[in-house]
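Chemist:
Protein chains in written order, with my numbering: chain A, 8 to 130; chain B, 8 to 130.
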């Protein structure tokens, strides 16, 4: 666990401290599924402002924090910009196939519901 | 959606009304993962009292209700006994491979943490 004495260094769980329950909780929200699906597609570090989300900036910040604290993403400052990336290696090592399974399920649901986005935003 | 005018008939979402976000939320709890893992192993209708859970009876009832309302399980009265079964056909039709992926991840985590149960009970 990184100690966040420097406000520019954000707390992340070490790989061994990531828990399935926390990962599933992080993924159990339409907006967070949208964020994670976009990250998986882009395969790059993305700023929070990259995402076109139907929520306020403070809610967006909350969603990214839930994803970070559960171990789903890492957030790193580059200068004054916070960049986000999926922790795919960690997740695939701990739970092989889980992330792809959830992303496929999200895509299947979007197709079924006629929503072009990975998960229907209902909130 | 079944109308619950008869208290012995419990509300369940129809297959088309099951949402991935609700399923992931239902599975994002150690006790509920334990219940679902046991159901998957037994492949039978099980009463709530079948499960040896480290929580009170009212908490147990809550967990089963979350599982039912999300579409993960069905609960049916047979006489005065409430029996529980996984909605595997519905889940596999909507989200192929998702349930097995989560159950495998739960088993992997238990092995990793040295817990003999499907998911470590931490609460």
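For every residue, glycine included, the Cβ atom is placed at its ideal position computed from N, Cα and C.
In chain order, what residues of the same chain lie with their CB nearer than 7 Å to the CB of residue 39(A), ignoring the 5 residues before and after it?
Modeler: Contacts found: 33, 70, 73, 74.
Chemist: Name, please, each residue of chain B whose Cβ falls closer than 7 Å to the Cβ of residue 104(A).
Modeler: Per Cβ cutoff of 7 Å: 108.
Chemist: Are the beta-carbon atoms of residue 77(A) and residue 16(A) separated by less than 7 Å?
Modeler: Cβ distance not < 7 Å, so residue 77(A) and residue 16(A) don't count as in contact.
Chemist: Have a look at the DSSP bridge pairing and note the partners of residue 92(B).
Modeler: Per DSSP, 81(B).
Chemist: Would residue 24(B) pass as an interface residue toward chain A - the criterion being a Cβ-Cβ separation below 7 Å?
Modeler: For residue 24(B), the answer is no, since every Cβ of chain A falls outside 7 Å of its Cβ.
Chemist: Quick one: which chain B residues come within Cβ less than 7 Å of residue 132(A)?
Modeler: Residue 132(A) lies beyond the range of chain A shown here (8 to 130); nothing can be said about it.
Chemist: Can you tell me where the alpha helix (DSSP H) holding residue 32(A) begins and where it ends?
Modeler: Element bounds for residue 32(A): 27 to 34.
Chemist: So residue 51(B) is in the alpha helix (DSSP H); what residue range does that whole segment cover?
Modeler: Per DSSP, residue 51(B) belongs to no alpha helix (DSSP H) and is neither H nor E.
Chemist: Using a Cβ-Cβ cut-off of less than 9 Å, list which residues of the region 45 to 59 of chain A approach chain B; keep chain order.
Modeler: The region 45 to 59 of chain A vs chain B, Cβ under 9 Å: nothing.
Chemist: Would you check if there are 3 or more beta carbon pairs closer than 8 Å linking the region 102 to 112 of chain B to the region 103 to 117 of chain A?
Modeler: Touching, yes.
Chemist: Flag residue 21(A) as yes if its beta-carbon sits less than 7 Å from any beta-carbon of chain B, otherwise no.
Modeler: No, its Cβ sits nowhere closer than 7 Å to a Cβ of chain B.
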